[in-house]
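Residue numbers (the working numbering): 3 to 209. By construction, the Cβ of each residue, glycine as well, lies at the ideal position given by its N, Cα and C atoms. What follows is one structure encoded as structure tokens, with my remarks underneath.
This is the structure:
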């Protein structure tokens with residue numbers, strides 16, 4: 003019988019410390035992303051998290067895939083796709099299609115999902131935003147590190163991704179994070195958001 007509550011499989015997401023321990027051997031950059039990145043920036047957990055995202059660079063995807071060895075690693079396919087199972091396996095040493103930006107990972111196919119990999123494109127040492135190629139940034143400035151040594155995506159970049167959906171949790175994340183953004187981060191987010199969504203409701207709050 004199909005699982006209607008978890009049609010793509012149940013989640014039991016790792017926490018940032020578990021992710022950091024797993025990725026410790028990786029010699030290429032990575033960052034906690036999604037809602038957890040904002041909580042790490044704020045310095046406390048502001049809400050429950052249904053999953054956990056890890057941002058990597060496409061140029062490093064073979065090195066990252068080698069960490070997972072025998073795991074069930076599934077690349078989320080771009081539309082059009084079968085929404086009942088919008089994945090295909092991503093095997094070690096396999097070159098990822100450029101249209102793939104989202105990877106789901108779990109120890110085996112019968113266990114819950116543990117984390118998602120989000121893949122960012124770069125040119126030389128510049129990050130290129132998927133929302134607009136006019137938005138670029140030095141890879142060296144993509145993230146920050148907690149006092150415990152956990153790297154996470156810069157909050158203004160994470161909020162730019164969240165601005166597209168405007169889901170209730172994204173609105174809450176913006177409201178929670180906004181007071182902690184300094185003028186430089188507010189200006190970057192405002193300028194980037196103006197490029198891709200000039201009438202976005204967050205813009206007035208970034209003044």
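{"query": "Helix, strand or coil at residue 207 [DSSP, three-state]", "result": "helix"}
{"query": "Residue 43 beta carbon less than 8 Å from that of residue 157", "result": "yes"}
{"query": "First and last residue of the uninterrupted alpha helix (DSSP H) at residue 24", "result": "18-25"}
{"query": "Cβ pair count under 8 Å reaching 3, the segment 19-29 against the segment 84-91", "result": "no"}
{"query": "Terminal residues of the alpha helix (DSSP H) in which residue 185 lies", "result": "185-198"}
{"query": "C-alpha distance - residue 163 paired with residue 123, whole-angstrom precision", "result": "14 Å"}
{"query": "Same chain, Cβ closer than 6 Å to residue 50, five either side skipped, listed in chain order", "result": "none"}
{"query": "Nearest-angstrom Cα separation, counted from residue 110 out to residue 169", "result": "31 Å"}
{"query": "Endpoints, the alpha helix (DSSP H) within which residue 179 is located", "result": "170-179"}
{"query": "Three-state secondary structure assigned by DSSP to residue 13", "result": "strand"}
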